[in-house]
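Asks: Sharing a structure here in structure tokens format.
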Amino acid sequence: MDVPLWLALLVVGFLGIKLIRPPWWLVAVLLLGGYLVADSVLGLAVDTIVK
5 MDVPLWLALL VVGFLGIKLI RPPWWLVAVL LLGGYLVADS VLGLAVDTIV
55 K
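Under our numbering, think of the first position of the sequence shown as 5, with each following residue one higher.
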């Protein structure tokens, strides 16, 4: 199943806000950071480790 990255990030962010109740700025920083890391060399390294 192929899920777009932006959709996965939205779902994770929504669940994180509902379940853990962190500050909104922390959620925004984590989601933006995750999105930026996914397009970097670090993202390729994580992908290799996960597979």
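Don't be surprised by glycine CBs; every beta carbon is placed ideally from N, CA and C.
Could you check where the alpha helix (DSSP H) with Val45 kicks off and where it finishes?
Replies: Within the sequence shown, numbered from 1, the residue matching residue 45 stands at position 41. From DSSP, the alpha helix (DSSP H) with Val45 extends over Val45 to Val54.
Asks: Give the C-beta separation of Ala32 and Leu9 to the nearest angstrom, bearing in mind that I take them to be a contact with Cβ-Cβ under 8 Å.
Replies: Translated into the one-based positions of the sequence shown, residue 32 becomes position 28. Translated into the one-based positions of the sequence shown, residue 9 becomes position 5. At roughly 16 Å, the Cβ-Cβ gap does not stay under 8 Å, so Ala32 and Leu9 are not in contact.
Asks: On a Cα-Cα basis, can you pick out the residue from Phe18, Val7 and Val50 that is closest to Leu35?
Replies: The residue labelled residue 35 in the question sits at position 31 within the sequence shown. Residue Phe18 is the option with its Cα nearest to Leu35.
Asks: Does Val16 come out as helix, strand or coil in the three-state DSSP assignment?
Replies: In the sequence shown, residue 16 corresponds to position 12, counting from 1. Note: Val16 maps to helix in three-state DSSP.
Asks: Using C-beta distances below 8 Å, list every residue in its chain close to Gly47, excluding the 5 sequence neighbours before and after it, in chain order.
Replies: Position 43 of the sequence shown, counting from 1, holds the residue named residue 47. Closer than 8 Å at Cβ, skipping near neighbours: Val41.
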